[in-house]
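Residue numbers (UniProt numbering): 1 to 1008. In this text, a Cβ means the ideal position worked out from N, Cα and C, and glycines have one as well.
Shown next, in the form of structure tokens:
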């Protein structure tokens, strides 16, 4: 048998009598393993990685703070020794994803980071470390566990407060010496490859990395000549950098900077705003330039002064010189026209001069924040450049747009100027790629565009019906349908290892505990990983395009891809994967978690169509895979599948019966008690739809499975209690689940849902009726940012405001989770009291809850609450507070969603028997609190309260007239007649019509 390696090299490295001898041994080792996969495995199993870690950690000066201003250029023998060791580590990492496990298991990564952060680290050594870390990150992306969970374990090691300053300092270096720019680009690449968690993104923004990336972006703006006229005079203003940054070198690459920024700001409005307020960007794009006159402006990329007429920039906050470089687009007008006028921008002459006439005063409220000029610059870059630069500019724009940091007038500009470009980028997806193309997959911009363009398109259009229309009219659905079909084609890779004289053991996906002397499980081939991400992005785009419009849903079905969407819901099971003699995963019998989630999102959008539910989806048998996914062990898959089930369970859905036959009710009831907020809400939502128009026995089973005491606890909880909010937030930040009664655990699904289910329900928005409300909710969480200042960060006021926004976002998310859960439970009770057996179910609820307890819960949700006050600091202040409170106590109502849901419950109780109406009328507070809502600002609540009056006085039983008169007298004593008369002129026709009916009944009973 052939001898694979010479173990004596290990002794030469370990026992070298001099640094030069160790360098020679490391160089021999490097030459021995480069290009030899068998030798890499043999050396790893002989313990080469622990030895290399010892070599790296032996370097003097490791662990001290980096001096970013004066990196040492020359190398010592010790540096050369470390360089050779780093090269060996990088070569091992190139062996494939199986080598990442032993690299992570030992001290290799900490040793590399310690060298990078050392003050004496020369530029060449820093480059070697960063290249090796990027290589490891590329291989980690192929590990099946990381693909399935969408995580990057390397990020947890890199982005700590110990090492983040090193990366930040590299990014903000301003010298143009050789090697400086590659270091900057490698750090940016490392961030975009490994920063996956919300906490990691928040700490990067918190520690100044986002500001440093903003500085790098500003250097490209300066290099292109896009600095706004007069920026020099305002660069010392509050929030600015204090100087105009130097231009980026000619060899600098914009793509890594844009990509790193896009990764950090995604899913967070606070971080997106953080980007726009970066000191360097505020310096080159000052927010206010109203006092600058165009005649004094310097020449820019437009090649001529904007105007010689003396017009100021002043008057329209959304106009800026960069807009003059963008084509004019048709403006939005009422009605239709075959020849719409050009507008939505200032007028330019043939040379592109900027005239900037004064806008109408009604353009935008004066209190609104001006739009950042960065928006115009990104739109210009997206149009002027191509390939991956264009895609990353569009990706940042989509994030800013989704977080409402673009003005409304930008929507047609995005639709005409950006959406068609993104749809056109889908055309490259139709070109087949052979396996050789994937050898340099991680660095192939063409493949990256092909892989990511559908996801960027989805992110941009998901919340805008208008942008969805632009995309569909550009042919997006047809292209995406063809791409989805092609993603199921066979792979051209074989995945078979080269012939070897030694017998290779069969590869296994399951390995013993991580060790630095044994290989980890094999990963995907690059082509397999591409196919996974490609399919996921396509499904996201289809989900986004079909969110609102039934016509688009039918178009998707007409292209014959419903079965492909359902096939994408089949999970991949590592346990059943057999590799045989292959060293990597080439084809999957199923789909990793991200693809399943995206497929569920597409299915959820399609199930919003009644016709699609009754035709294409029932023919494809969607109920069976959805029921299986709800039982998954993966909570993210459970949430996504349950969100689809919400629509399958609607009463008009032909698949509702299939859900009942599959015995899904007990599973949904169990999931309603989950510590995961989203799973609780989606499960309750599905139960609400299932409970409508089913036999009373099924309704009772739902209540029993949920638990009466649990329901009482949840409904009795106050989502806006400041003490509970603080306790839930502390639990969320510490990673501990909240108690069930608190209903506020942070969301583990969070950001994926945000991508695929974009509509956020806030307290001011309306919801559909409990029976037919299609899912239109989204969650978006932002972590708080709290850390010391550093020199690059903006002034303390800005940092405090951004941190406060993060805190408020987190608190709001927890409060909304609680509110949603209560709303769904009240709607569930409402549907339980519907149908022919409704009076019996009312009696059942009153019996199980306790008559007084049930009505008291309803009354408490209608009762105004006193605003929380701070504790007094002295007896005198306490006395003053008491005297003031006795004179006037400020109160606040419960959320509108809760009040509306409670009034629906009261409508159904009032529609019961006479004894049920009697309970409402003569409860201590309930009727009084309800009638006070006749003046509520929400028209649905006003209409519901009138409906309650109608039901209480309804002539549905001729023997009940004395009780009806008694109830009418009680209503009159509460001042209902006067309030009803005031509603005769209500702004809503529904309220006026119901009021007319209620007054007729009341007058008839009162003899008026």
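- Beta-carbon to beta-carbon, residue 277 and residue 239 are separated by about 7 Å, close enough to satisfy the 8 Å threshold.
- Secondary structure of residue 279 (DSSP, three-state): helix.
- In the DSSP assignment, residue 673 falls outside any alpha helix (DSSP H) and carries neither an H nor an E.
- Contact between the segment 602-616 and the segment 643-659 is established, with three or more Cβ pairs separated by less than 8 Å.
- Distance from the CA of residue 558 to the CA of residue 463, rounded to the nearest whole angstrom, comes to 24 Å.
- Here residue 891 carries a strand assignment [DSSP, helix/strand/coil].
- The beta-bridge partner set that DSSP reports for residue 866 consists of 891.
- Residue 20 sits exposed, since fewer than 16 C-beta atoms from the chains shown fall within 10 Å of its C-beta.
- Scanning its chain for C-beta atoms nearer than 8 Å, with the 5 sequence neighbours on each side dropped, one finds around residue 555 the residues 472 and 477, in chain order.
- Around the beta carbon of residue 642, 16 or more other beta carbons lie within 10 angstroms, which makes this residue buried.
- Within its own chain, the residues whose Cβ lies closer than 8 Å to the Cβ of residue 899, once the five positions on either side in sequence are excluded, are 861, 862, 893, 933, 936, 938 and 941, listed in chain order.
- DSSP places residue 115 in the helix class (H, G or I) of the three-state scheme.
- Looking from the CA of residue 545, the closest CA among 401, 910, 116 and 604 belongs to 604.
- Assignment of beta-bridge partners to residue 860 by DSSP yields no partner.
- Excluding five sequence positions before and after residue 178, the CB atoms of its chain that fall closer than 8 Å to its own CB belong to 123, given in chain order.
- Going by DSSP, residue 129 is part of the alpha helix (DSSP H) stretching over 123-140.
- The segment 628-641 and the segment 188-196 do not touch, with fewer than 3 CB-CB distances between them shorter than 8 Å.
- In the DSSP annotation of this structure, the continuous segment of the alpha helix (DSSP H) that includes residue 847 starts and ends at 838-849.
- Measuring C-alpha to C-alpha distances from residue 830 to each of 901, 371 and 283 identifies 901 as the nearest.
- Of the other Cβ atoms in all chains shown, 16 or more fall within 10 Å of the Cβ of residue 539; this residue is therefore buried.
- The Cβ atoms of residue 155 and residue 194 lie closer than 8 Å to each other.
- Here DSSP, grouped into helix, strand and coil, assigns residue 143 to coil.
- Boundaries of the alpha helix (DSSP H) harbouring residue 700: 696-706, taken from the DSSP string.
- Closest in alpha carbon position to residue 547, among 983, 77, 606 and 669, is 606.
- The Cβ-Cβ distance between residue 706 and residue 674 does not fall below 8 Å.
- With respect to residue 217, residue 261 sits close: the two C-beta atoms are nearer than 8 Å.
- With fewer than three CB-CB distances shorter than 8 Å, the segment 269-288 does not count as touching the segment 251-258.
- Within the same chain, Cβ atoms closer than 7 Å to the Cβ of residue 45 are found at 517 and 518, the five residues on either side in sequence being excluded.
- In the structure shown, the three-state DSSP call for residue 226 is coil.
- By the criterion of at least three beta-carbon pairs nearer than 8 Å, the segment 713-721 is not in contact with the segment 689-701.
- According to DSSP, residue 412 shares a beta bridge with no other residue.
- At least 8 Å separates the beta-carbon of residue 1004 from that of residue 948.
- Per DSSP, the continuous alpha helix (DSSP H) segment holding residue 419 begins and ends at 419-425.
- Annotation for residue 128: 83 and 86 place their beta carbon closer than 6 Å to its own, counting only its chain and skipping 5 residues before and after.
- Residue 31 carries a helical assignment under DSSP once its states are collapsed to helix, strand and coil.
- For residue 940, the enclosing alpha helix (DSSP H) covers residues 939-953.
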